[in-house]
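Notes follow once the structure below has been shown.
Protein chains: 2
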Amino acid sequence: MQSAISPDTARHTVRVTAQRTGLTPHTLRAWERRYQVVAPGRSEGGQRLYSDLDIQRLSLLRRLTERGHSIARLAEVSQEDLERTAREDSGSKSPEPKPLGDDFGAKDFSAAALNATRRLDAAELHAVLERASITLGVPVFLDQVVVPTLRGIGQGWSEGTVSIAHEHLASGVIRRVLGWILRVYEITESAPRLVVATPPRQAHEMGAMLAGAAAAAEGWDVTYLGADLPIPEILASAGQVGANGVALSIVYPAIDRGLVSDLELLRGGLGSRIPLIVGGYAASQDRDRLTSIGVQVVDSLDQFRESLDDLRDRV
Amino acid sequence: MQSAISPDTARHTVRVTAQRTGLTPHTLRAWERRYQVVAPGRSEGGQRLYSDLDIQRLSLLRRLTERGHSIARLAEVSQEDLERTAREDSGSKSPEPKPLGDDFGAKDFSAAALNATRRLDAAELHAVLERASITLGVPVFLDQVVVPTLRGIGQGWSEGTVSIAHEHLASGVIRRVLGWILRVYEITESAPRLVVATPPRQAHEMGAMLAGAAAAAEGWDVTYLGADLPIPEILASAGQVGANGVALSIVYPAIDRGLVSDLELLRGGLGSRIPLIVGGYAASQDRDRLTSIGVQVVDSLDQFRESLDDLRDRV
DNA sequence: ACGCAGTTGTCTAACTGTTGTCAAGAAATA
DNA sequence: TATTTCTTGACAACAGTTAGACAACTGCGT
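As they're listed, the protein sequences go chains Y and X. Take the first sequence: its letters are residues 0 to 314, numbered as in numbering that gives the first Met the number 0. Take the second sequence: its letters are residues 0 to 314, numbered as in numbering that gives the first Met the number 0.
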């Protein structure tokens with residue numbers, strides 16, 4: 000990605016695309032000609048201009064073809080199925096490692112990320128995460144790189160091997176990468192809208208960012224409002240953007256009384272047509288109390304995706 | 000000094016400009032001729048006279064081209080903007096011809112940014128900011144777009160026309176753009192290193208991010224550690240990355256006793272060779288108390304740049 | 001085991017697009 | 001006076017375009 004210029008102008012030449020996807024320009028053109036796996040724009044002079052999304056898709060295709068899937072078959076498959084396949088395949092790293100050994104699995108990426116964090120090397124951390132998201136596809140990246148990395152940092156912190164400085168540096172970089180994902184996915188006119196935030200007194204926004212990125216990858220038009228947001232503000236924002244759903248992340252262990260009544264207030268204010276999805280460690284802990292007030296509780300990113308899917312079908 | 004934004008006094012020949020931007024005079028003229036990427040003034044005899052703004056803009060463009068963006072496309076992006084702001088200008092307000100001074104459309108950009116913020120349109124806000132940075136160059140962008148936009152949001156908040164949700168959304172996007180700048184300017188071997196953070200109990204990190212971006216644009220290798228960082232952590236990090244300087248941002252109105260003693264501690268811990276620069280609203284308020292303990296206080300981004308320049312010369 | 005048809009990555013050839021650099025003589029600058 | 005910069009047009013080097021060819025490989029039926 001690195002740095003895209005802006006969503007609609009973010010266009011990369013074949014050379015850059017080849018470098019970032021690990022394919023040769025020849026292959027890139029052959030795949031396009033034979034299977035229409037991508038449809039890059041063209042410059043005035045007729046040169047191909049690939050979007051960030053094209054690069055993601057192509058990297059994913061490369062990874063899957065290397066694992067034995069035929070490109071012809073993959074080309075007929077939707078992006079969604081592609082990512083599902085990626086998820087299934089990523090568990091079992093190929094038994095025969097590639098000769099060059101540049102085939103990173105999710106574990107290698109999160110190890111490299113932790114390493115960069117410990118060295119306070121923000122540039123390297125960013126590079127690692129970006130590569131991971133491109134080669135693995137966003138859903139796999141979130142589940143198997145970002146989450147484990149955050150967990151690793153948390154663990155390192157409790158063991159005393161990772162300091163607050165390390166943690167801040169990593170959060171900053173991860174926030175940036177997740178923010179990038181939020182805007183890489185092209186939003187269509189008809190995309191359902193989701194408001195993502197963290198309710199009052201919940202200052203940890205990583206969960207919310209993860210949720211936002213996951214939703215964006217599922218094709219939602221995400222409005223990300225950050226942490227510690229008063230209920231009336233959430234309501235007003237949902238109204239302003241015409242949201243089809245609201246998702247909140249709650250991680251602090253004990254759910255206080257105020258929070259439950261806050262959520263009740265929000266639940267009521269949204270009206271019956273707009274669902275409220277709540278996730279995060281603390282949400283699972285208190286699932287009963289939350290479901291009883293009409294809030295949908297999800298235990299994992301995967302479950303969150305399912306909820307989004309259901310919801311989208313109803314819209 | 001090279002960074003002081005005073006376009007009327009600072010005029011540079013091609014040679015100087017070439018040296019500062021890292022481009023050859025040939026390329027400079029070619030870019031101007033082919034893409035109208037700059038429009039330098041002329042001496043009486045017709046020699047090109049580049050402003051500081053031109054230089055900053057050109058060096059940003061050079062970095063972006065090195066990252067794989069085509070100069071033609073980059074030029075197109077900022078060209079669009081100049082035309083657009085010019086149109087809006089002539090249509091809406093002052094029939095007075097615009098003084099080709101430093102605010103060159105910066106006002107239009109920050110107005111557009113505020114507008115996008117009010118509409119909760121993160122994508123548009125991002126696009127506006129990115130284009131502004133390419134059109135104006137990083138320092139001018141920071142001084143005349145980001146700072147006014149933040150100020151405008153603050154003012155809107157106190158007037159009740161901007162809510163917390165708007166503010167959060169904007170902060171998120173601005174953080175991302177500033178992070179992007181940090182990245183674009185990275186990779187320079189032998190660049191002096193700067194650690195940027197916010198001391199304990201100072202949760203507003205925007206000032207620190209601005210400082211980080213400004214320093215990066217001046218050629219520093221910035222390690223950005225975020226907000227609310229304990230003194231021992233700052234010290235340890237400065238040690239770990241081998242910092243040549245530490246910069247802190249302090250915005251909360253009242254400087255408490257704890258903060259002063261914290262800074263004293265930090266000042267002592269850094270040793271005499273590593274300067275400690277502190278900026279932000281609250282720092283100016285308490286300048287005397289801070290300077291007396293050996294801390295350098297800066298009142299503006301520009302002053303911060305000067306301090307960095309001095310410092311760099313000494314390294 | 002063998003051959004066949006389809007698949008797939010790579011390559012060539014001829015051409016166009018993009019971009020950095022240069023030449024030459026005139027003019028400005030220090 | 002010695003340098004530097006000016007302009008215009010040209011050019012080379014590289015990158016990217018199409019169309020088609022080719023060989024290595026696949027799976028499959030015999």
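Built from N, CA and C at the ideal position, the CB exists for glycine as well.
Sequence ranges, beta strand (DSSP E) only - wholly within the segment 192-237 of chain Y, length at least 3: 192-196, 220-223
Nearest-angstrom Cβ-Cβ length linking phenylalanine 108 of chain X and valine 127 of chain X, presumed shorter than 8 Å: 6 Å
Euclidean distance between Cα positions of isoleucine 273 of chain Y and alanine 131 of chain Y: 34 Å
Cβ contact (3+ pairs, closer than 8 Å) linking the segment 140-154 of chain Y and the segment 220-230 of chain X: no
Coil, strand or helix - glutamine 295 of chain X by DSSP: strand
Any 3 or more C-beta pairs closer than 8 Å across the segment 69-76 of chain Y and the segment 38-53 of chain Y: no
For aspartate 102 of chain X, three-class secondary structure by DSSP: Any reading at aspartate 102 of chain X must be qualified, since the residue scores a pLDDT of 48, below 50, and its modelled position is unreliable; no value is offered.
Alpha carbon of glutamate 31 of chain Y to alpha carbon of arginine 66 of chain Y, nearest angstrom: 20 Å
C-alpha distance - glutamate 129 of chain X paired with alanine 226 of chain X, whole-angstrom precision: 24 Å
Spatial distance of serine 189 of chain Y from arginine 19 of chain Y (CA atoms): 30 Å
Cβ of glutamate 158 of chain X within 8 Å of any chain Y Cβ: no
Cut-off 6 Å between Cβ atoms - residues of its own chain near glutamate 43 of chain Y, not counting five sequence neighbours on either side: none
Chain-ordered neighbours of leucine 229 of chain Y on chain X, where CB pairs are closer than 8 Å: The residue you asked about is not leucine; residue 229 of chain Y is proline in the sequence shown. Neighbours of proline 229 of chain Y on chain X, chain order: Ile163.
Cβ contact (3+ pairs, closer than 8 Å) linking the segment 169-188 of chain Y and the segment 171-186 of chain X: yes
Spatial neighbours of alanine 169 of chain X in its chain, beta-carbon cut-off 6 Å, leaving aside the 5 residues before and after: Thr116, Ile152
Interface partners of valine 240 of chain Y on chain X, CB under 8 Å: Leu119
Neighbour flag for valine 15 of chain Y against chain X, beta carbons, 8 Å: yes
C-beta contact flag for arginine 61 of chain X and valine 183 of chain X at 8 Å: no
Contact set between glutamate 217 of chain Y and chain X, taken where Cβ atoms lie within less than 7 Å: Under the 7 Å cutoff, chain X gives no residues; its nearest Cβ is about 17 Å from glutamate 217 of chain Y.
Under the three-state DSSP convention, the category leucine 48 of chain X falls into: strand
Exposure label - glutamate 79 of chain X; buried when at least 16 CB within 10 Å: exposed
Three-state class that DSSP yields for valine 37 of chain Y in the structure shown: coil
Per-residue contacts from histidine 203 of chain X into chain Y (C-beta, under 7 Å): The premise fails here: histidine 203 of chain X is roughly 13 Å from chain Y at the closest Cβ pair, so nothing lies under 7 Å.
Closer than 9 Å at the beta carbon, the chain X residues around serine 248 of chain Y: Residues of chain X passing the Cβ test: none, with the nearest at roughly 14 Å.
Chain X contact residues for alanine 235 of chain Y, given Cβ-Cβ distances below 8 Å: Ser162, Ala164
Under 8 Å between C-beta atoms of serine 236 of chain X and valine 194 of chain X: yes
Check: glutamate 31 of chain X C-beta below 7 Å from any heavy atom of the ligand ADP: As for the ligand ADP, it is missing from this structure, which has no ligand bound.
Exposed unless 16 or more other CB atoms sit within 10 angstroms - verdict on histidine 167 of chain Y: buried
Any chain X beta carbon closer than 8 Å to tyrosine 251 of chain Y: no
Partner residues on chain Y for tyrosine 223 of chain X, Cβ-Cβ distance less than 8 Å: Ala121, Leu168, Gly171
Cutoff 8 Å; reference valine 314 of chain X; Cβ partners in own chain excluding five residues on either side: Pro191, Asn243
Minimum C-alpha distance to threonine 160 of chain X - residue among X:Gly171, X:Val146, X:Arg118: X:Arg118
Closest Cα partner of tyrosine 251 of chain Y within the set Y:Leu269, Y:Pro198, Y:Ile233: Y:Pro198
Residue span of the alpha helix (DSSP H) that contains valine 245 of chain X, given as start and end: Premise fails: valine 245 of chain X lies in the beta strand (DSSP E), 244-248, not in any alpha helix (DSSP H).
Bounding residues of the alpha helix (DSSP H) (the contiguous stretch that carries leucine 168 of chain X): 163-183
Within-8 Å CB hit, glutamate 315 of chain X to chain Y: The question about residue 315 of chain X has no answer here: the residues shown for chain X are numbered 0 through 314.
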